[in-house]
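Participant: Count along the sequence shown starting at 1, add 27, and that's the number in this note's numbering. The beta carbon of each residue, even a glycine, is placed where N, CA and C say it ideally should be.
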Amino acid sequence: MPNTPLSLGDRRADTLSNVSKLSSPRGNLIAYWRSRRQGKPGAALTQKELAQLIGKSTVMVGRYERGLRNPSLDVLFSIGAALETPPHILYPGLWRTRFAEMREKRNELGLGPALP
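1) Considering only the alpha carbon of each residue, which of Ala71, Ile106 and Arg63 lies closest to serine 84?
2) Pop quiz: glutamine 74 and glycine 94 are said to be a contact at Cβ under 8 Å. What is the actual Cβ separation, rounded to whole angstroms?
3) Alpha carbon to alpha carbon, how far is isoleucine 81 from arginine 125? Give it in angstroms, no decimals.
4) DSSP on arginine 96, reduced to helix/strand/coil?
5) Going along the chain, which residues of its own chain have a beta-carbon closer than 8 Å to the beta-carbon of glycine 139, five neighbours each way excluded?
6) Take asparagine 97 as the anchor and find which of Ala109, Pro119, Leu110 and Trp60 has the nearest alpha-carbon.
7) Alpha carbon to alpha carbon, how far is leucine 77 from leucine 56?
8) Is it right to say alanine 58 is buried, meaning 16 or more other beta carbons lie within 10 angstroms of its own, or is it exposed?
9) Just the C-alpha distance for tryptophan 60 and valine 102, rounded to the nearest angstrom, thanks.
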């Protein structure tokens, strides 16, 4: 069936599939910690409140949460401070990515492992 329009459900499924390829819940926990705030009752922040705290737009906070953009280290530390959560807990995928890059670079330069 050429040129058959997709139903709304099919379009949503396609969009969700694309977003899931870009982000991983294991690699980006900003939204989780924003809503949970380490179990403090009534202490959840909206995206707008978090954006105001870190000096970014609500759109950017949404992109960070969906994994469409990676925050800079400064922004990541600001988010961690605003949520009272260490940055490596918020974005463990960033650490794994950087660690793998550095390990590869050390091997290319013939430096071997950082620790014996």
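Facilitator: In short:
1) Ile106
2) About 15 Å separates the two Cβ atoms, so there is no contact after all.
3) 23 Å
4) In this structure, DSSP gives arginine 96 a state outside helix and strand, which the three-state scheme calls coil.
5) So the qualifying residues of the chain are Arg133.
6) Pro119
7) 14 Å
8) buried
9) In a straight line, the C-alpha of tryptophan 60 is about 15 Å away from that of valine 102.
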